[in-house]
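When the letters of the sequence shown are read in order and numbered with the numbering used here, they come out as residues -11 to 362. Positions of the beta carbon are idealized from the N, C-alpha and C atoms, including for glycine.
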Amino acid sequence: KVSVIELSDHVIQPLDPDMAAEVHRHMTRKGVNLFLNRAVTAIRFDGGSYDVLMDNGKSLKTDMVILAVGVRPESSLARDAGLELGIRGCIVTDNRMRTSDPFIYAVGDAVETADIVSGKKVYVPLASPANRQARIAADNIAGIASTYDGTLGTSILKVFDMTVAMTGNNERVLKQSGVEYEKSFTYSASNAGYYPGAAFMTIKLLFRKNNGKILGAQITGSKGVDKRIDVLATAIKAGMTVHDLARLELSYAPPYGSAKDPVNIAGYVASNILDGIVKVFHWHDIDFLDPDKVTILDVRTQEEYRRGTLKGAVNIPLDDLRNRLSELDKSKPVYVFCQVGFRGYVAARILSQNGFRDVYNLSGGYRLFRMISS
C-alpha cells in the first residue's frame, strides 16, 4: 500500500488543479492513499518500521519512506568564484550561456533561464534544456555565434498507465503575470473510434483573450499524449494561435489518429470561444449561479440526469430541445451543460439561433465538475 503526502492541494505542480484532478482519480483507483494540503512534521523509526507524523496530528506506519521534495541548484562553486547568482541561487547567464565572467560558461540544472511565454526568469532543471544549453555553449566557445532563447518547460511523465504532459504556462503563472487569458477543455480519442485500441485524452488549452495566441497546454490520457504535447509545444514556440491549430494538417490513418486530430479539435473549440460563436462558463463559476435568476439547463439524457446533475438544473435532453424551447424563459441567462461539452455546444447554438441572447456552455462539461468536486 502506497500513501502520498503532498503539501499543496494537488500533485504535479506544473499542472492546474482541474487537470490534476484527473491524476488524483487515477491514483486513488490504483489504490494510492492521497493526503493533500498536508505536511510531514516528523519521521520516527520504530523497531523495523517508520511512523510518519503529519501536521493534522495523524500518523502513518510504513516500511519505507521516499522523500521527493524537489531540487535546488548546486551553485556553491560559482558563488565561491564570485559569479552572479539569480533566482533561488541559480547561476546567471546571458543568451550565449556566458556567466558574469565572460570567460566562464554555465549550463544545466544550476543555471537560470527565461520562460519563452512570459519572458520571466525561471528555474527549469530538465534534461532537454540542459542539452540544448550545452550545444549553445560549445558553439560559442568554438567561435560560432549561437543563442539560447529560453524554455517552455515541456515535460511528460507516466502515472501507472496514465500519461501526463504539459508545456508553456499554467493558470497560476498567467495570473501572476497579469495576462488576460481564456481556457478550453476537450476530450478526444487517440485514434479513429472504429479502430481497436482508441483511448480518450483530456486537452486543456490556455490562450490570450485578445488574439488567441497559445500560452500553455496540459494533457492527460494514455495513447498519443506525447505526440499531441509535442505539436502544441512547437505551436507555442512558433507563436501560433488557436486558429492555426484548427488549420494544422497532421498525419492520419485509423491506427494513429483521426481525420480531425485532437489538436485540431482543441483548436476548433478554442476558436469558437475566441470568436464569440459560443460563450463559456467554468467549473469554478457554478457555485455563484442562482437558480432563481438564471436557467441551468442539463441537455443530457434522462438516465444521465438521474445519475447526478447540478443543483437547480432542469433537464431537457438535446434531442427534445427544439420542441421544448417554450419551456425556457428568454429573459434569463441560460447556463447549458452536458457530459463533456459537445452536446452543450450544440444546445447553446440552438438557443442562440432561437432568440436566447445570454447563453453559456460549461467548458469541460459535468464530467470535469464532478471529478473536481469529488
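- Cβ neighbours of Tyr256 within its own chain (closer than 6 Å, five residues either side excluded): Ala234.
- Taking Arg310 as the centre and dropping the five residues before and after it, the same chain places the C-beta of Ile338 closer than 7 Å to its C-beta, in chain order.
- Excluding five sequence positions before and after Ala56, none of the CB atoms of its chain fall closer than 8 Å to its own CB.
- By the Cβ rule, the stretch 76 to 83 counts as touching the stretch 94 to 110, because three or more pairs are nearer than 8 Å.
- Val167 and Leu194 have their alpha carbons spaced roughly 11 Å apart.
- A direct Cα-Cα distance of roughly 18 Å separates Asp6 from Phe276.
- With a contact defined as Cβ atoms closer than 8 Å, Thr208 and Thr190 qualify at about 5 Å.
- Remark: fewer than three beta-carbon pairs, one from each stretch, lie closer than 8 Å, so the stretch 36 to 55 and the stretch 235 to 254 are not flagged as touching.
- As summarised for the stretch 240 to 278, the continuous alpha helix (DSSP H) elements at least 4 residues long and confined to that stretch are 250 to 262, given in chain order.
- Taking C-alpha positions only, Phe269 is separated from Glu170 by approximately 10 Å.
- The stretch 153 to 164 makes no contact with the stretch 18 to 32, as fewer than three CB pairs between them are under 8 Å.
- Here DSSP, grouped into helix, strand and coil, assigns Leu298 to coil.
- Assigned with DSSP and collapsed to three states, Lys109 falls in strand.
- Below 8 Å, too few C-beta pairs join the stretch 114 to 126 and the stretch 174 to 188 to call them touching: fewer than three.
- Bridge pairing for Asn303: Asp286 [DSSP].
- The beta-bridge partner set that DSSP reports for Asn21 consists of Ser(-9).
- The three-state reading of DSSP puts Ile104 in coil, since its state is none of H, G, I, E or B.
- The residue among Gly185, Val152 and Asp280 with its C-alpha nearest the C-alpha of Asp218 is Val152.
- Residues Thr101, Val112 and Pro117 of the same chain have their beta carbon placed closer than 6 Å to that of Thr139, with the five preceding and five following residues left out of the count.
- Apart from the 5 residues on each side of it in sequence, His(-2) sits with its Cβ closer than 6 Å to the Cβ of Pro5 and Ala8 in its chain, given in chain order.
- Distance from Leu236 to Val251 at the Cβ level is roughly 6 Å; contact confirmed, criterion being Cβ atoms closer than 8 Å.
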